[in-house]
Amino acid sequence: MSIRTAVVLAAGEGNRLRPLTHNRPKPMLPAANRPVLEYVFDALIDAGVEEIAVVIGYKRDRVQEHFGPTYRDVPIEYVAQEKQLGSGHALRCAESAVDEPFLLVNGDRVIESGLVQDVVAEFETYPDAAATLGVLEHRDARRYGAVALSEGRIEKLVEKPDSDDYRLINAGVYAFRTSIFDAIGETERRDGELQLTDTLARLIDDGEDVRGVRVDGLSPHATYPWDLLTVTREILARGRVDEPVREQGVWVDETALVHDDATLQAPVVVGSDCEVGPGAVVGPNVALGRNVTVEANATVERTVLDSDTRIGPGSTVLDCVVGEDVTLGAGSIVPGGPADVRVGRRVFEDRQLGAVVADRVTAGGMVGFEPGTLVGPGAHLHTGVRVRGEIVADAEVMS
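Rendered as structure tokens:
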């Protein structure tokens, strides 16, 4: 491959994914049983990238401590974006870390190596283009912003489409020459931020050749907490799982202990050092991170359980995203969606979400969760309580 270096943007917080991002940046949230950023690195390395520069900012230590100086023997250079002032600003922070040409990838969405290779191939075919980016067909382009493509050229970037006429979105994978840094420098800030899409829009308006190539192999973008369930479902459907295959659609790490009387319903992935007790039913569409325990006679369906989490005996957990080091006591009930979920000032109706339980939450036995409940990190829910709506970080709920 002609491009050896990639820049990965991983500095953002992901406000709309709170309370999950209270303690970690959006790219470190779980997609199935691994952080999103691992999939990004794997795709780049599998496509032939030999050097990775990662732009970090919010909770940067979580990225650095997880990956260290290398990943799969590929060196990682960390570049700090001290203030999150837009994607264009983030890329400029990495200017000293890249050679010409280079790839740019958003670190908060799952991609596959074939997508990267398709963008590079288009870049090599049109070496004089000002930029090359992957575009993806999506039924809800209004949610992400749309791309108008004609004969391989990007004609327009539509930030907030007001109709359903558009079917293509920006896949978040670009190929550039270093001249893009000058173009960013000539771009006006908007609301105090320097956005890469504004630079691309200006290049298009100036008549520059900005190429777009249709790609496949991208999981849905996790904008809101319930999107992590959709991302996990697609990862399992595509078989993008590192654990050994026990049977069709069932992946179990060799260090996991699954009782003979437990049931794993495909698709399901069970990570390292997990334990699934007798009579437990896990799956379908469930991902267990490292060192998760599902105790006897518990039922877990359509759920992501992150590392070091324990589900007590006889509990039922449906349509749930659970953070790290969470304990749900015996007989806890998360009945599943649909639900109306409030995120900030906006209410989303009929979301398939039982609950979001952030890191280090402790729930006593027989705790009930109303559909759509968001529980902040460090909260303590006493035995027998019933919770609903939003529970703030470190709250103690007694009745």
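For the sequence shown, position 224 (counting from the first letter as 1) is numbered 249 according to the working numbering, and the numbering increases by one without interruption.
Glycine included, each C-beta is placed from N, C-alpha and C at the ideal position.
Discussion item. Quick check on the burial criterion: 16 or more other C-beta atoms within 10 angstroms. Buried or exposed for E90?
Written reply: Result: exposed.
Fill in: Closest Cα partner of P309 within the set Q273, R239 and G403
Looking from the CA of P309, the closest CA among Q273, R239 and G403 belongs to Q273.
Worksheet item: Hey, quick one: how far does the beta strand (DSSP E) through L399 stretch, first residue to last?
Response: Here the beta strand (DSSP E) through L399 covers T398 to V400.
Worksheet item: Exposed or buried, which one is P269 when buried takes at least 16 other CB atoms within 10 Å?
Response: Under this definition P269 is an exposed residue.
Discussion item. Does the structure place the segment 66-75 close enough to the segment 405-424 that three or more beta carbon pairs sit under 8 Å?
Written reply: By the Cβ test, the segment 405-424 is not in contact with the segment 66-75, since fewer than three Cβ pairs between them sit closer than 8 Å.
Worksheet entry | Among G339, L313 and I81, nearest to W276 - alpha-carbon criterion | Closest option to W276, Cα to Cα, is L313.
Discussion item. On a Cα-Cα basis, can you pick out the residue from I77, Y83, L174 and D365 that is closest to V99?
Written reply: For V99, the nearest C-alpha among the options comes from I77.
Worksheet item: Taking the alpha-carbon positions, what's the S424 to L62 distance?
Response: If I take the Cα positions, the gap works out to 39 Å.
Discussion item. On the criterion of 16 or more Cβ atoms from any shown chain inside 10 Å, does T30 qualify as buried, or is it exposed?
Written reply: It counts as buried.
Item to complete: Have a look at S27 and L289 and give me their C-alpha separation to the nearest angstrom.
Response: Approximately 44 Å, taken between the alpha carbons.
Worksheet item: For P44, which option in L128, S138, V410 and A380 has the closest C-alpha, if you only look at C-alpha atoms?
Response: By alpha-carbon distance to P44, the top candidate from L128, S138, V410 and A380 is A380.
Practice prompt. Pick helix, strand or coil for Y64, following the three-state DSSP scheme.
Written response: Y64: helix per DSSP, three-state reduction.
Worksheet item: Leaving out the 5 sequence neighbours to the left and right, which residues in its chain are closer than 6 Å to V372 when beta-carbon positions are compared?
Response: Hits under 6 Å: D365.
Discussion item. Measuring straight from C-alpha to C-alpha, what distance separates L353 and E149?
Written reply: Roughly 53 Å separates the two Cα atoms.
Worksheet item: Based on Cα-Cα distance, which residue from V198, V235, D333 and V342 lies nearest to V311?
Response: Nearest option by C-alpha distance: V342.
Worksheet entry | Limits of the beta strand (DSSP E) - the one that L161 falls within | Run containing L161: A156 to E162, per the beta strand (DSSP E) assignment.
Discussion item. Considering only DSSP beta bridges, list what V347 is partnered with.
Written reply: In DSSP, V347 forms a bridge with L330 and V382.
Discussion item. Using a Cβ-Cβ cutoff of less than 8 Å, which residues in the same chain neighbour L416 once the five nearest sequence positions on both sides are dropped?
Written reply: Note on residue identity: the sequence assigns Ile, not Leu, to residue 416. The answer, listed in chain order, is T398, L399, V400, G401, A404, L406 and V422.
Discussion item. For G337 and V295, what's the separation of their Cα atoms in angstroms?
Written reply: If you draw a straight line from the Cα of G337 to the Cα of V295, it comes to about 17 Å.
Worksheet item: Between the Cα of Q106 and the Cα atoms of E218, R227 and A36, which residue gives the shortest distance?
Response: The shortest C-alpha separation from Q106 is found at A36.
Item to complete: At 4 residues or longer, and completely inside the segment 44-115: list those alpha helix (DSSP H) runs for me, N to C.
Response: Secondary structure remark: continuous alpha helix (DSSP H) runs of at least 4 residues inside the segment 44-115, in chain order: 61-71 and 85-92.
Worksheet item: Can you pull the DSSP bridge partners for G393?
Response: Paired residue(s): I358 and R411.
Worksheet item: Taking buried to mean at least 16 other C-beta atoms within 10 Å of its own C-beta, is T280 buried or exposed?
Response: Classification of T280: exposed, given that the 10 Å Cβ count is below 16.
Item to complete: Sort V329, R327 and S340 by Cα distance to A321 and report the nearest one.
Response: Minimum Cα distance to A321 is reached at S340.
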